[in-house]
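Chains as they are written, first to last, in UniProt numbering: chain U, 1 to 406; chain V, 1 to 406; chain Z, 1 to 406; chain C, 1 to 406.
Number of protein chains: 4
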Amino acid sequence: MHFEYNDKTTTLAKKLSAFMEKHVYPIEQSYTQSFLNSPTPWKTPAIIDELKEEARAQGLWNLFLPEEYLPYGAGLSNLEYAPLCEIMGRVPFSSEIFNCSAPDTGNMEVLAKYGSDTQKATWLEPLLEGRIRSGFAMTEPDVASSDATNIETSIEKKQDSYVINGHKWYTSGAMNEDCKIMIVMGKTDPTAPRHKQQSQILVPMDTPGVTVRRPMAAMGYLDEPVGHAEILFDNVTVPAENIILGEGRGFEIAQGRLGPGRIHHCMRLIGCAQRALDMACQRVNQREAFGKPLAKQQSVRESVAQMHCDVEQARLLTLKAADQMDRHGNKVAKDLIAAIKIVAPAMACKVIDEAIQMHGALGTSQDTPLAGMYAYARTIRLADGPDQVHMMQLGKSLIEKQQEAK
Amino acid sequence: MHFEYNDKTTTLAKKLSAFMEKHVYPIEQSYTQSFLNSPTPWKTPAIIDELKEEARAQGLWNLFLPEEYLPYGAGLSNLEYAPLCEIMGRVPFSSEIFNCSAPDTGNMEVLAKYGSDTQKATWLEPLLEGRIRSGFAMTEPDVASSDATNIETSIEKKQDSYVINGHKWYTSGAMNEDCKIMIVMGKTDPTAPRHKQQSQILVPMDTPGVTVRRPMAAMGYLDEPVGHAEILFDNVTVPAENIILGEGRGFEIAQGRLGPGRIHHCMRLIGCAQRALDMACQRVNQREAFGKPLAKQQSVRESVAQMHCDVEQARLLTLKAADQMDRHGNKVAKDLIAAIKIVAPAMACKVIDEAIQMHGALGTSQDTPLAGMYAYARTIRLADGPDQVHMMQLGKSLIEKQQEAK
Amino acid sequence: MHFEYNDKTTTLAKKLSAFMEKHVYPIEQSYTQSFLNSPTPWKTPAIIDELKEEARAQGLWNLFLPEEYLPYGAGLSNLEYAPLCEIMGRVPFSSEIFNCSAPDTGNMEVLAKYGSDTQKATWLEPLLEGRIRSGFAMTEPDVASSDATNIETSIEKKQDSYVINGHKWYTSGAMNEDCKIMIVMGKTDPTAPRHKQQSQILVPMDTPGVTVRRPMAAMGYLDEPVGHAEILFDNVTVPAENIILGEGRGFEIAQGRLGPGRIHHCMRLIGCAQRALDMACQRVNQREAFGKPLAKQQSVRESVAQMHCDVEQARLLTLKAADQMDRHGNKVAKDLIAAIKIVAPAMACKVIDEAIQMHGALGTSQDTPLAGMYAYARTIRLADGPDQVHMMQLGKSLIEKQQEAK
Amino acid sequence: MHFEYNDKTTTLAKKLSAFMEKHVYPIEQSYTQSFLNSPTPWKTPAIIDELKEEARAQGLWNLFLPEEYLPYGAGLSNLEYAPLCEIMGRVPFSSEIFNCSAPDTGNMEVLAKYGSDTQKATWLEPLLEGRIRSGFAMTEPDVASSDATNIETSIEKKQDSYVINGHKWYTSGAMNEDCKIMIVMGKTDPTAPRHKQQSQILVPMDTPGVTVRRPMAAMGYLDEPVGHAEILFDNVTVPAENIILGEGRGFEIAQGRLGPGRIHHCMRLIGCAQRALDMACQRVNQREAFGKPLAKQQSVRESVAQMHCDVEQARLLTLKAADQMDRHGNKVAKDLIAAIKIVAPAMACKVIDEAIQMHGALGTSQDTPLAGMYAYARTIRLADGPDQVHMMQLGKSLIEKQQEAK
């Protein structure tokens, strides 16, 4: 056991931080505000494409894809990637610059792991090159989708095709103009055993019958230019070969993607929270009230100390989960993955909220990233399963383990 | 001591609830969503003007103005008005329909209490009739404005005029097209004793030198069509008679307006929280997960019970503050007013947040009022002084009282 | 609606506070410490008997018994008694001085309401005169007794007698030497409908077969000289006339006693919390650290303010529950009674804990009442049903009401 | 970075757990209850001496003393010792069996690090052999002792002696019959610079002028047979050679002992919390209420999951602090040591409290270790400096670091 990052991570972290300092923080405000009343909210601004080229040239590219997928990706373990993901999380939109943004990362991992050669050539490669983007259509408005057996979208075999009918929302990524492909979760056989009913299938955005109805807001934010789409599927027909891994494997694929996906969200949120804390520390030094800098108020010091303890603990837990995934696989690590999904978003909400309070009205405004970070953190308490579902599974597992231990 | 509303209140509450059921809830969704990408976000929609007429016809008009200002207003005590304010709070934009929305209410009360006859004729009367709206320019970006001695805007006497220079933001109300007048807080004499430096002055929106720079966001919301403006004052010149009550009286006026203003915000937030709880109770009956309605989960019942306890306690505290203001005046009631300002916004944040969690993705969307209510509640933890300032004052006062008691 | 105590209450409160100042606070420390290693921990100290006489002489006697039981008791409504109960709660052992201590109050109320003439003459009258004390044997070690259907103690009819067998613990009051009688809850008919199985019966402490096994600790305290006993009932035989109200009425009686019982505990705990807050305010004025009195630390002021808000809110909720019981009866008030049972003990734990922290090591010691108050508050989160049971019932009721409202 | 214990730790942990299973858990209840009304509360029971011999024979002895003090101690790093300390913490009195209990550990470390040869021979060696015990006299009743400049005890040089006058309390260890020596903190020069005023000196318990006045309670517990003493020092005279390290070095010595001392308390508390969680998991499987085992209640699962997350995070943070102490020394690790002192006791209070709630009345009784563990955890929120002092220092340090980073 020891607690210091290895050299590979330290070197990449320095390089990444330098990139952020030079290229990302300076444009953060103008980038974010460019979407206020923008006529083209779903078009990725040109600056991002420029920075993507620069990042790729520096080798800061596809860092998320674990070593098992080499030559795809940068060959980092989850533990090595985690601190980099945290650094990107400090500016939520920056992940895209390094081709490390959700839901593309999860989609690429699914294709790298389970995709056929054709699927890889057609979709994985342009995604890895950052030429297109992708969506993941899982959540449905009418049912509690965190319980996969509730999914109502149907995927019906008709000769050499599948026909998809359903209603999705919060399909992240699907508003963006560069989004060309979606992975859709639906049921191929509602009569099969509980976890064999679901399948995942590739659906190009321009397939007839796909209607993007509107962007969904998340705590007041539309998250331009990525967005979360409400989508209707009306007899959407795709070739049979678009199915991933085969009928009835949808739940299995979902399980596979969720581990890394959750780690990534947690590390980004730890980045948000750490940034919020850093900003708070700077703010309280500059701001005076009632005759002295806020930094000298005991209440401020107590709050800063508590925020730090919360961030650091969540970070260590997430790193341990990453380490366990690397050593023992996602299945063994499932309790730890549940634990970080419970801990990190709630921690981030709390820490960012406190930082907002220390910033006063400014903290609620469009002039800092804090309010947007809060919305992101709050949303992740629901995305990929609400806190309560993870607590249910973790609690059950812990109680069972204790029984076995007796 | 007893805990039941009097007949006047009960009758008005019934009438108001019936109005809300018939006219407001049915248009809530379409009204709110009409501002998504609206070309005229700062124009009050016509439906509001229609409903204002209807409300006025029914006597549901200017309910906020205490009996001491009769014949202005409806002659209700704070205690009688509080439950009505709560009902309006269930749909945050609805206050305007009854000419009871901030910051107009505070401005009208200031004018009724301290205004000269000319000021009343020119500004109070059109405001009471709902023909124009108004802004209140207090907060400044560069200083901690909750400490009034920090205010940097200058109001300088030049012959028969005052010349105003300064920089304000979060000037609520000032984005709206019908906003014709602002009350501006500034310093007429920075060398006077601490609480005699400030003055308040009437500034018509169309005065040369007034530049509305942009709308400020509050946790991702622009709060159309009312908005919060950033405003520059560059040698803005108004007649000397525009000063309210006289030079050096600004702090005193601010104190006078804050009591009722805070009660109103608190009651609206209690309305938000109660509505969120009501919505949560309905949601958990309808939604199934893991084989049974959420309503049958022990964790959901515990959460609902706790939410109810929180709402009810904050309500009672706020009603007690209203009663004490009515009986003993705002000054005697100042500790209780501080207490509700500490309690109600934080309570509303917590309860609404919990209701969002029970709604899943829907709770974060534009399809319920919950996310907007959360933003409102969160903002009020900073508006009219951050929680910490009220805690400082209340804590100090309690410790001192204990010393005297010895 | 108004929030000021009536004259009767105000007058009695003044008298009671004066009594406390003169007679109780001065002996508090010596009284409490007299039990450290006392050879006679279960004997009520003589000073209590002296003060009981004095209190009775002043008319501060049996204040708890509502007006419906006149001529028994002082004829106060629950709302009138509540503030007096709070004052007694400031020194937990003081209730006994005014013959207002649990479980005697509940037992007296049961006998006044449901007792036969013989039962009243034999047990109620000496209790009302403070000549004897009593116990209430409800909780059992082997089952979750908050679910009354789990009760395992049997009460079997045999000719003109009942024979009781069972195992109880936390039988409050039963360690005291003056405890002469217990009310025992058991099952007369385990095959009857769910809430008709239970009966309550009077069992004199000296009945053969009653074995007081040991005093039970509550968070480290034995609560001398009252105590909580573990008791075995081995073929304990009492006359059939000892049954209260009749067979199968036990649940009904329990329901009847719980409303007032819970209000009393809540008011006492509010007294504890208010006292803890008062002590904290005094402490922070006297104590210096790092160059200034704690009272000038912003964090201390924030904490004091929050404690006050918590106490005051719980007080108002409890008073509202008392008012509703007086006006509409315990049944209508059941949701409010559940609410205060959820709120007050948890609030008291939090506030007292905070006061302990402000006192440093002293706060954990035997030299202030704080640690003992904490233990009392913590215990009440479990006694008369754990928080979770009250939340279950209240949550269920609120969700159902919302359904009916639709 | 990796998160698995090394082989040395794993092997010792297994051995220690086996010892606990075989020798300690079986006597836990009888041991604890033997102090209820014991005539000899301050005499260590014979069973402990027997187990000490057995533990020493197995090499489970003096595990706490870091490798730098070899040949004293077992030569473990802080990181290696931490998990063992956690295992002992599961039964708070068990540390003594392995000669690893406070305040002896801190006293031994001070003597090993700073003691003269005579001091080592006279006091360190019998302590290392477990033949005597020791006390640490720091806290004073009259001042906030967490601010060392407040210490009022005087240590005056008179020829070849020092004369000590003062008033201490919560001198841990000093009630025990085997306690032969105290380290006393006092001021040799109140006029010296702030952190050069204090000295530490060895005072045999039987020195004339030392009066042990009484045992102090900690949240209702006297913690027999170790205890916390109130002690008067009345012209207590000891040889000059009893001073440790020299005059004016007391603050420096205190700093040196606090790092390890805090780590140990934190690890023990993590052991308490983990045990409480394990017990809760077992309890909820066995206990039924309202028709099903508590283990199947969603609220119970949520609570168990949250408890686990809290324990695991605090454990990782503490292990990181231990690792940093080992690698970079106590001074570099000071922020992390402050962080765990803030986190672990509060976490333990919360987790143990929740476990008590799941146990019902049993949880508050003398029949489980839970209530005692709670008292221990609560006390540590004050011992070695209240939470607020650590937050002050950590918050200040973090804000300063952020300034430097700019």
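Cβ coordinates follow ideal geometry from the N, Cα and C atoms, glycine included.
Being a predicted model, the structure only gives us computed values, none of them experimental.
Using only the alpha-carbon positions, how far apart do E302 (chain V) and L294 (chain V) sit?
The alpha-carbon atoms of E302 (chain V) and L294 (chain V) are separated by roughly 12 Å.
By the criterion of Cβ-Cβ separation under 9 Å, what are the contact partners of F251 (chain U) in chain V?
Those within 9 Å of F251 (chain U) in chain V number zero; the least Cβ separation is about 15 Å.
Going by DSSP, what residues sit across from E156 (chain Z) in a beta bridge?
According to DSSP, which records beta bridges pairwise, E156 (chain Z) is partnered with Z:V163.
Kindly indicate if chain V contains any beta-carbon less than 8 Å away from that of Q298 (chain C).
At least one chain V Cβ lies under 8 Å of Q298 (chain C).
Kindly indicate the opening and closing residues of the alpha helix (DSSP H) around N235 (chain Z).
Counting along the chain, N235 (chain Z) falls outside any alpha helix (DSSP H), though it belongs to the beta strand (DSSP E) covering H228 to P239.
Nearest-angstrom Cα distance between D234 (chain C) and C179 (chain C)?
The straight-line gap from Cα to Cα measures roughly 19 Å.
Return the residue from the list C:G186, C:S17, C:I243 and C:Q297 that minimises the CA-CA distance to E152 (chain C).
Checking every option, the nearest Cα to that of E152 (chain C) belongs to C:G186.
For the region 344-360 of chain Z, which residues have a CB atom closer than 9 Å to at least one CB atom of chain U, in sequence order?
Listed in sequence order: no entries.
Skipping 5 residues on each side, what residues in its chain have a beta carbon closer than 8 Å to that of I342 (chain C)?
Only D387, H390, M391 and L394 meet the Cβ criterion.
Which class does W61 (chain V) belong to by DSSP, given the choice of helix, strand or coil?
Residue state, collapsed to three classes: coil.
Identify which residue in C:S145, C:C100 and C:A137 has its Cα closest to the Cα of P204 (chain C).
Checking every option, the nearest Cα to that of P204 (chain C) belongs to C:A137.
By the 7 Å beta-carbon criterion, what residues does the region 293-320 of chain V contribute toward chain C?
Answer set for the region 293-320 of chain V: Q297, Q298, S299 and E302.
With 9 Å as the limit, tell me which residues of the region 379-393 of chain V have their beta carbon closer than that to any beta carbon of chain U; keep them in chain order.
Per Cβ criterion, the list reads T379, R381, L382, A383, P386, D387, Q388, V389, M391 and M392.
Figure out for me which residue from C:P71, C:C100 and C:F93 has the closest Cα to the Cα of L84 (chain C).
Comparing Cα positions, the closest option is C:C100.
If I follow the unbroken beta strand (DSSP E) through P345 (chain V), where does it start and stop?
Counting along the chain, P345 (chain V) falls outside any beta strand (DSSP E), though it belongs to the alpha helix (DSSP H) covering K334 to H359.
Assign P215 (chain C) to buried or exposed, taking buried as 16 or more other Cβ atoms, counted over all protein chains shown, within 10 Å of its Cβ.
By the 10 Å Cβ count, P215 (chain C) comes out buried.
Hey, out of Z:N107, Z:P141, Z:A405 and Z:A148, whose CA is closest to L128 (chain Z)'s CA?
Among Z:N107, Z:P141, Z:A405 and Z:A148, the Cα nearest to that of L128 (chain Z) belongs to Z:N107.
Can the beta-carbon of V184 (chain C) be found closer than 8 Å to that of Q159 (chain C)?
No, they are not a contact pair.
The region 267-293 of chain U: which residues have C-beta closer than 9 Å to a C-beta of chain V, in chain order?
The residues in question are R287, E288, A289, F290 and G291.
Looking at the secondary structure, which residues open and close the beta strand (DSSP E) in which Q403 (chain U) lies?
First-last for Q403 (chain U): D387 to A405, but that is the alpha helix (DSSP H), not the beta strand (DSSP E).
At which residues does the alpha helix (DSSP H) containing L79 (chain C) begin and terminate?
Looking at the DSSP string, the run of the alpha helix (DSSP H) that includes L79 (chain C) is N78 to G89.
Which residues bound the beta strand (DSSP E) around F136 (chain C)?
That run of the beta strand (DSSP E) goes R133 to A137.
So the candidates are C:S134, C:G209 and C:S146; which of them puts its Cα closest to the Cα of N176 (chain C)?
That would be C:S134, whose Cα lies nearest to the Cα of N176 (chain C).
Pick out whichever of Z:M373, Z:D353 and Z:T368 has its Cα sitting closest to the Cα of R378 (chain C).
It is Z:D353 whose Cα lies nearest to the Cα of R378 (chain C).
Buried or exposed: which applies to R283 (chain V), given that a residue is buried once 16 or more other Cβ atoms fall within 10 Å of its Cβ?
Counting Cβ neighbours within 10 Å, R283 (chain V) comes out buried, since at least 16 surround it.
Hey, could you find the ends of the beta strand (DSSP E) I181 (chain U) is sitting in?
Taken as a continuous stretch (DSSP letters only), the beta strand (DSSP E) holding I181 (chain U) covers C179 to K187.
For a cutoff of 8 Å on Cβ pairs, would you count K396 (chain V) as touching chain Z?
For K396 (chain V), the answer is yes, since a Cβ of chain Z falls inside 8 Å of its Cβ.
Is the region 44-64 of chain V touching the region 9-17 of chain V, taking contact as three or more C-beta pairs under 8 Å?
At 8 Å Cβ cutoff, the stretches touch.
Which partner residues of T171 (chain Z) appear in the DSSP bridge assignment?
According to DSSP, T171 (chain Z) bridges with Z:A229.
With 16 as the cutoff for other CB atoms within 10 Å, does A102 (chain Z) come out buried or exposed?
Flag for A102 (chain Z) reads buried.
Could you name the residues of chain Z that Q366 (chain C) contacts, counting a contact when the two beta carbons are closer than 8 Å?
By Cβ distance, chain Z contributes M216 and A217.
Taking just the CA atoms, how far does A217 (chain C) sit from residue 430 (chain Z)?
Here chain Z comprises residues numbered 1 to 406, so residue 430 (chain Z) is not present and cannot be evaluated.
Name the chain V residues that come within less than 8 Å of I342 (chain Z), Cβ to Cβ?
Here the neighbours are A305, Q306 and C309.
Please report whether the beta-carbon of M1 (chain C) lies at a distance below 8 Å from any beta-carbon of chain U.
So, interface residue.
In whole angstroms, what separates the C-alpha of Q274 (chain V) from that of A346 (chain C)?
So the alpha carbons of these two residues sit roughly 32 Å apart.
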